[in-house]
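Undergrad:
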Amino acid sequence: MQLAGSTVIVTGASAGIGRETALAFARRGANVVLAARREERLQALADRLRRIGVEALVVPTDVARPQEIERLVQAALDRFGRIDVLVNNAGFGFSGTIEETTEADMRELWDVNYMGAFLATKAVLPTMRSQRRGHIVNVSSVVGKLAFPFHGAYSATKFALIGMTEALRGELEGSGVTATVVLPASTRTEFFDVQRTHDGHVSAPTGPVQSPAVVARAIVRSVVRPTPEVNLVPAFRLAFGLSAFFPFLRDMAGRQFYRRSGGRPRRAPGPDPAPRRE
Ligand SMILES: NC(=O)c1ccc[n+]([C@@H]2O[C@H](COP(=O)([O-])OP(=O)(O)OC[C@H]3O[C@@H](n4cnc5c(N)ncnc54)[C@H](OP(=O)(O)O)[C@@H]3O)[C@@H](O)[C@H]2O)c1
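With our numbering applied, the sequence shown corresponds to residues 23 to 300, in that order.
1. Taking 7 angstroms as the cut-off, is the CB of Pro8 close to at least one heavy atom of ligand 1?
2. Taking Cβ to Cβ, would you say Phe213 is nearer than 8 angstroms to Gly38?
3. Given the structure, does Val255 come close to ligand 1, in the sense that its CB is under 7 angstroms from one of the ligand's heavy atoms?
4. Tell me whether Leu260 is buried or exposed, calling it buried when 16 or more other Cβ atoms sit within 10 Å of its Cβ.
5. By DSSP, does Ala290 sit in helix, in strand, or in coil?
6. On the CB-based measure, 16 or more other CB atoms within 10 Å of its CB, does Arg277 come out buried or exposed?
7. In terms of alpha-carbon separation, which member of Ile158, Phe116, Leu56, Glu122 lies closest to Pro248?
8. According to DSSP, is Leu168 helix, strand or coil?
9. Do three or more CB pairs link the region 157–177 to the region 113–131 at distances below 8 angstroms?
10. Per DSSP, what kind of secondary structure is Ala26 in: helix, strand or coil?
11. So, for Ser36: in the same chain, excluding its five sequence neighbours on each side, which residues have a beta-carbon less than 6 angstroms away from its beta-carbon?
12. For Glu251, which residues in the same chain have their Cβ closer than 6 angstroms to its Cβ, ignoring the five residues on either side in sequence?
13. So what does Asn53 bridge to, in DSSP terms?
14. Is it buried or exposed for Leu301, if we count other Cβ within 10 angstroms and need 16 for buried?
15. Would you call the region 106–121 and the region 148–167 in contact, with 3 or more CB pairs under 8 angstroms?
16. Between Val107 and Ser28, is the Cβ-Cβ spacing less than 8 angstroms?
17. On the three-state DSSP scale, how would you describe Gln234?
18. Starting from the N-terminal side, write out each stretch of the beta strand (DSSP E) that is 3 residues or longer and does not extend beyond the region 121–206.
19. Restricting to Cα atoms, I'd like to know which of Gly166, Phe170, Leu190, Gly192 is closest to Lys180.
20. Can you give the beta carbon distance from Asp127 to Arg218, rounded, assuming they're within the 8 angstroms contact cut?
21. Evaluate contact between the region 136–150 and the region 87–104, counting only Cβ atoms and requiring at least three cross-stretch pairs below 8 angstroms.
This is how it looks when you write it as structure tokens:
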């Protein structure tokens, strides 16, 4: 896709991968609609995008609220008259066993990490279909393919995003619209500071750690040259393949991970985790 002059919506643009993704699209000449709850951060980012030479629109949005998603899409259309790319990136982590996860925790994870993306996708598709051009990028995770102890609730939302994206791509055949799922590994963002737990424990990044800018550039590339799936760590490709053919290996690794942690998520070094953000 030619990005100069196109309209890109990025959810979760106030931090981390979303912020870098907005910058990466702007550097390719795209106008960007910035969505998240923290408006001041979005305004500061919008100023930066305008200095790059593109237009930026801030729409404070809580993706767990369906009416705010409708408003976001309408605001993008009112301002730019088209929507070429939607990046469903807003999300947060949760660390704790399934037994410790309350119904309220699970529903909130589900509303933000999955329903937000599902509703935003449905809201942009009529426009993208009528344009005969569009790309939906869903930011899942490597734990959307391979779940580990303490990440079951979060993983479930990320598995769901992969399922939705795979089905959607088939349903969009011949429409000029397509979809990509992105599987970041541990990425240096605020994710681990703000992730929820039921008792205040937080887990630290495990495995290879990426920068959000690297993930963002991969997201942009996946739109320029449409790619079904983005996975930046070759070792995970091998792990996914082994897990599919030999599920007992996955279970062995999970049990070992659980034993090594003494049955608790690892406490991250540094101060106590941040309180819940409203
Ligand atoms: N960092 C990692 O290791 C990692 C690995 C795999 C996948 N991911 C996924 O990558 C995506 C981005 O995460 P990140 O690492 O960049 O984390 P981050 O730095 O914590 O950023 C998360 C973004 O999501 C937004 N957000 C959270 N809840 C929201 C809500 N209800 N409505 C609207 N926006 C909301 C936050 O903005 P506000 O608080 O301002 O609303 C923020 O902009 C997430 O989907 C995450 O699951 C991250």
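Where a beta carbon is used, it is the ideal one built from N, C-alpha and C, also for glycine.
TA: A quick look at the data gives this:
1. Any property of residue 8 remains undetermined from this structure, which presents the chain solely from 23 to 300.
2. yes
3. no
4. Counting the other Cβ atoms within 10 Å of the Cβ of Leu260 gives fewer than 16, which makes it exposed.
5. With a pLDDT of 47 at Ala290, under the threshold of 50, the modelled position of this residue cannot be trusted; read the value that follows with caution. Coil.
6. Per the 10 Å Cβ criterion, exposed.
7. Ile158
8. coil
9. yes
10. coil
11. Ala58, Arg60, Arg63, Leu64
12. Hits under 6 angstroms: Val203.
13. Thr29
14. In this structure the chain extends from 23 to 300, so residue 301 is not present and cannot be described.
15. yes
16. yes
17. Rather than Gln, the amino acid found at residue 234 in this sequence is Pro. In this structure, Pro234 counts as helix in the three-state DSSP scheme.
18. 156–161, 199–204
19. Gly166
20. 6 angstroms
21. yes
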